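Worksheet for the structure shown next.
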Amino acid sequence: MVADERRTRFGELVQAYGNSAELSRVLGRSDGYIGRHLRDRVPYDLPDYDRRKLAQFFGVHAETLKQLPPSPSRLRWRRPRVSECRGS
Numbered sequence: 001m002v003a004d005e006r007r008t009r010f011g012e013l014v015q016a017y018g019n020s021a022e023l024s025r026v027l028g029r030s031d032g033y034i035g036r037h038l039r040d041r042v043p044y045d046l047p048d049y050d051r052r053k054l055a056q057f058f059g060v061h062a063e064t065l066k067q068l069p070p071s072p073s074r075l076r077w078r079r080p081r082v083s084e085c086r087g088s
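Position 74, counted from 1, in the sequence shown is what my numbering calls 74; the numbers after and before it change by one each time, with no gaps.
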């Protein structure tokens, strides 16, 4: 299963449950946590603790909810910091 399929599957589980804000509260997070994860990919991958708790809640294996690393073409280029450019 590729990363987008896993996120889609998780989105389907959340949609079937019906309330992402309530699921966020189950994790002890702010109401928009799950929604931001699905919509904006922040965080890109859920922490292990949150993933295990949601997997138990939905009755699926925790690896089902784990995101695969993005392909290199999807990574954003970032300008190196000045400290990274200087010699040691």
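All residues carry an ideal CB built from backbone N, CA and C; glycine is no exception. Computed from a predicted structure; not experimentally measured.
### Query
Does the distance from the CB of Arg7 to the CB of Arg41 come in under 9 Å?
yes
### Task
Determine the closest residue to Arg36 out of Thr64, Phe10, His61, with distance taken between C-alpha atoms.
Phe10
### Where the alpha helix (DSSP H) through Val60 begins and ends
Taken as a continuous stretch (DSSP letters only), Val60 belongs to no alpha helix (DSSP H), as it is neither H nor E.
### Message
Please state the DSSP three-state secondary structure of Gly35.
### Response
helix
### Query
Once you ignore the five residues that flank Val14 on each side, which residues in its own chain have a CB closer than 8 Å to its CB?
Around Val14: Ser20, Leu23, Ile34, Leu38.
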